[in-house]
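Engineer:
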Amino acid sequence: MAVRVRFAPSPTGFLHIGSVHTALFNWLFARHKGGEFLLRIENTDTGREVAAATEQIQESLRWLGLDWDGDVTFQLDRMPKAQEVANQLVVEEKAYEDEGAIRFRMPDEGTTAWDDLILGPIEYPNEKLEDVVLVRSDGRPTYNFVSPLEDLLDEITDVIRGQDHVSNTPKQLRILAALGAELPRYAHVPLLNGPDGKKLSKRHGAITVEEFRAAGFIPEALVNYLALLGWSYDDHTEVMSRDELIERFSLDRVGKSAATFDYEKLTHMNGLYLRALPPGKYADRLVAYLREQGYEWHEDLVRKVAPLVQEKIATLGEFPSFARFFFERVPPEGPLEDGAVLPAAAEVLARVEPFEAAAIEAALRELAERLGLKPRQAFQPIRLALTGSTVSPGLFESLEVLGKDESIARISAPGSGLGGARGSSAR
RNA sequence: GCCCCCGUCGACUAGCGGCCUAGGUCACAGCCCUUUCAAGGCUGUAGCACGGGUUCGAAUCCCGUCGGGGGCACCA
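Just remember that our numbering sits 143 ahead of the position in the first sequence, which is counted from 1.
Written out as structure tokens, the structure reads:
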């Protein structure tokens with residue numbers, strides 16, 4: 144008696160992070176139980192946009208690593224079946240025609256209840272249940288009819304969905320009962336809010352999977368973070384691999400109240416994952432990311448720079464601004480100090496051989512001491528001339544990567560040569 | 001308006017009657033480390049919405065108030 148769950152997004156656009164949260168809980172539940180996770184597209188309409196969204200949803204799920212079992216199914220394909228079932232209900236007098244539409248006959252006394260796997264016992268007074276429309280007068284079945292019908296046809300054992308569906312449940316339960324179905328269990332997972340406590344929307348930042356991807360978040364981190372919204376393993380464990388998440392997940396530990404999506408905590412976790420990557424893998428991710436975002440920076444150079452930024456940035460998206468100076472000259476963001484250290488540094492660096500970080504550091508430290516300057520006083524002007532900023536990757540490593548000639552050129556004539564060596568085409 | 005659900009630091013949460021002078025993480029503050037920025041280490045600020053009960057004992061159970069969210073379509 145393996146479990147079967149489904150994720151049923153509507154193809155209205157890109158995959159919303161709130162939907163992903165629900166999908167993740169379904170997926171973790173299925174994988175933990177050794178059951179199946181189905182992907183069902185709730186399309187009621189055809190059209191180019193819908194087709195594109197359908198593909199986009201699958202691409203996003205693949206990127207996140209949420210693999211589904213079997214073929215993707217489409218609600219549209221069950222329309223005829225739904226109409227047939229609705230007509231049968233009319234024959235059985237469990238539904239009736241109303242101006243061309245078919246309405247379900249809800250009981251008007253008593254209550255409809257179920258024991259929610261997350262919320263616990265929930266009871267609705269039947270007098271509040273409307274006779275819902277099963278099939279519109281134009282022949283198209285409605286969501287509240289097709290959804291439970293599909294759950295029945297797909298033999299779904301556990302309906303795990305957002306709490307915004309709680310009030311649909313009694314209606315669907317009644318419909319399912321009328322169809323003689325064995326009722327599935329229901330679990331309503333908490334909703335996600337934006338930092339202001341309101342519905343997560345564009346004004347909060349990234350909200351679709353594509354946006355998080357473009358911002359330089361990596362799937363492992365996003366999945367781990369999302370799993371912690373409304374669920375916890377114990378009182379202190381937060382960083383968990385995909386396998387650990389699967390092994391430890393259970394609906395028992397899912398909370399009841401809505402959670403606020405915290406971009407800062409996600410960013411922190413993304414940094415944790417990024418730093419934990421083996422250097423080679425990190426470079427691979429960076430190269431792939433930059434390519435996706437349309438940067439045409441030379442791959443070899445990106446790989447050389449990668450280790451210098453790995454422990455400095457928390458999202459891949461920070462790379463372009465943080466490391467742009469490796470690929471093109473960047474004008475100093477502030478005033479250069481008095482020119483005293485710069486000429487001296489250029490002179491000293493010219494004699495460093497081989498031009499490697501350790502030797503460069505030794506030479507520059509010696510210079511600082513000779514000039515009676517603190518390391519910070521001596522190095523910041525060089526950093527500014529070299530990178531254009533007072534915030535950058537390690538100075539000595541950066542000098543090594545840039546090479547002796549380019550380094551000396553920048554130090555000798557800070558701010559010059561701008562516009563040269565442009566090799567980027569950011570979006 | 002009606003129905004349903006929820007309510008622990010600013011945020012995510014642990015807590016399922018005594019282990020709680022309420023723990024962890026992010027954020028924030030200070031210190032350390034340090035070539036900048038991060039990372040890391042240490043320390044700190046900060047919370048059981050409120051009011052009644054029940055009990056020897058309540059963050060934990062019950063009731064009410066207040067607050068928040070969701071839903072009330074021939075949308076999904």
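Even for Gly, the Cβ is constructed at its ideal location relative to N, Cα and C.
Remember, predicted model here, so these are calculated numbers, not experimental data.
Which residue wins for smallest C-alpha separation from I200, given the options L171, G177, V332 and G156?
Structural biologist: The residue labelled residue 200 in the question sits at position 57 within the first sequence. Selected option, being the one with the closest Cα: G156.
Engineer: Taking P333 and G373 to be in contact with their CB atoms under 8 angstroms, please state how far apart those CB atoms are, rounded to whole angstroms.
Structural biologist: What you label residue 333 is simply residue 190 of the first sequence in a count that begins at 1. What you label residue 373 is simply residue 230 of the first sequence in a count that begins at 1. That belief holds up - the Cβ atoms of P333 and G373 are roughly 4 angstroms apart, short of 8 angstroms.
Engineer: Around the Cβ of Q231, are there at least 16 other Cβ atoms within 10 angstroms (buried) or fewer (exposed)?
Structural biologist: Translated into positions along the first sequence, residue 231 becomes position 88. The residue is exposed, with fewer than 16 neighbouring Cβ atoms inside 10 Å.
Engineer: Can you tell me the Cα-Cα spacing of I350 and S162, whole angstroms?
Structural biologist: Along the first sequence, read from residue 1 onward, the residue named residue 350 stands at position 207. Along the first sequence, read from residue 1 onward, the residue named residue 162 stands at position 19. Rounded to the nearest angstrom, the two C-alpha atoms are 10 angstroms apart.
Engineer: Whole angstroms is fine: what's the gap from L260's alpha carbon to P268's?
Structural biologist: Residue 260 sits at position 117 when you count from the first residue of the first sequence. Residue 268 sits at position 125 when you count from the first residue of the first sequence. Roughly 20 angstroms between the two C-alpha positions.
Engineer: Between the segment 217 to 231 and the segment 386 to 398, do three or more beta carbon pairs fall short of 8 angstroms?
Structural biologist: Taking 8 angstroms as the limit for Cβ pairs, the verdict is that the segment 386 to 398 does not touch the segment 217 to 231.
Engineer: So who's on the other strand from L167, going by DSSP bridges?
Structural biologist: On the first sequence, position 24 is the one that residue 167 refers to. The partner list for L167 (beta bridge, DSSP) is empty, contrary to what the question assumes.
Engineer: Which runs of the beta strand (DSSP E), 3 residues or longer, sit entirely within the segment 219 to 272?
Structural biologist: Correct list: 238 to 241, 244 to 247, 254 to 259 and 263 to 268.
Engineer: Quick check: the Cα distance between H411 and L417, rounded to an integer number of angstroms?
Structural biologist: The count along the first sequence starts at 1 and reaches residue 411 at position 268. The count along the first sequence starts at 1 and reaches residue 417 at position 274. Taking the straight line joining both Cα atoms gives about 10 angstroms.
Engineer: Taking G414 as part of the alpha helix (DSSP H), name the residues at either end of that continuous run.
Structural biologist: Numbered from 1 along the first sequence, position 271 holds the residue referred to as residue 414. Here the alpha helix (DSSP H) through G414 covers Y406 to A419.
Engineer: For a test of the three-state rule: what should DSSP assign to W440, helix, strand or coil?
Structural biologist: The residue given as residue 440 occupies position 297 in the first sequence. Correct three-state label for W440: coil.
Engineer: So the alpha helix (DSSP H) A483 belongs to, where does it begin and stop?
Structural biologist: Your numbering for residue 483 matches position 340 in the first sequence. No alpha helix (DSSP H) contains A483, which DSSP labels as neither H nor E.
Engineer: What's the call for D241, buried or exposed, on a 16-neighbour Cβ count within 10 Å?
Structural biologist: Residue numbering aside, residue 241 sits at position 98 when the first sequence is read from its first letter. Looking at its Cβ environment, which holds fewer than 16 other Cβ atoms inside 10 Å, D241 is exposed.
Engineer: Given that a residue counts as buried once 16 or more other Cβ atoms are within 10 Å of its Cβ, and exposed if not, what is I543?
Structural biologist: Here residue 543 corresponds to residue number 400 of the first sequence, with the count starting at 1. Rather than Ile, the amino acid found at residue 543 in this sequence is Glu. By the neighbour-count rule (16 or more Cβ atoms within 10 Å), E543 is buried.
Engineer: By Cβ distance, which residues of its chain are closer than 8 angstroms to E266, with the 5 residues on each side in sequence left out?
Structural biologist: Locating residue 266 in the first sequence gives position 123, where the first residue counts as 1. Answer for E266: T254, T255 and A256, listed in chain order.
Engineer: Return helix, strand or coil for E387, following the three-state DSSP convention.
Structural biologist: Working through the first sequence from its first residue, we reach residue 387 at position 244. E387 falls in the helix class under three-state DSSP.
Engineer: For my contact list, V276 and R246 are in at a C-beta cut-off of 8 angstroms; report their separation, rounded to the angstrom.
Structural biologist: The count along the first sequence starts at 1 and reaches residue 276 at position 133. The count along the first sequence starts at 1 and reaches residue 246 at position 103. Right, their Cβ atoms sit about 6 angstroms apart.
Engineer: Can you name the start and end residues of the beta strand (DSSP E) that L277 belongs to?
Structural biologist: One-based indexing of the first sequence puts residue 277 at position 134. Taken as a continuous stretch (DSSP letters only), the beta strand (DSSP E) holding L277 covers V276 to V278.
Engineer: State the beta-bridge partners of E179 as determined by DSSP.
Structural biologist: In the first sequence, counting from the first residue as 1, residue 179 sits at position 36. DSSP output for E179 lists R147 as bridge partner(s).
Engineer: Whose C-alpha, out of A364, L514, F150 and A195, is nearest the C-alpha of L415?
Structural biologist: In the first sequence, the residue the question calls residue 415 occupies position 272. Here the closest residue by C-alpha is A364.
Engineer: Would you be able to state if there are at least three C-beta pairs under 8 angstroms between the segment 442 to 450 and the segment 475 to 490?
Structural biologist: Contact fails: fewer than three Cβ-Cβ distances are below 8 angstroms.
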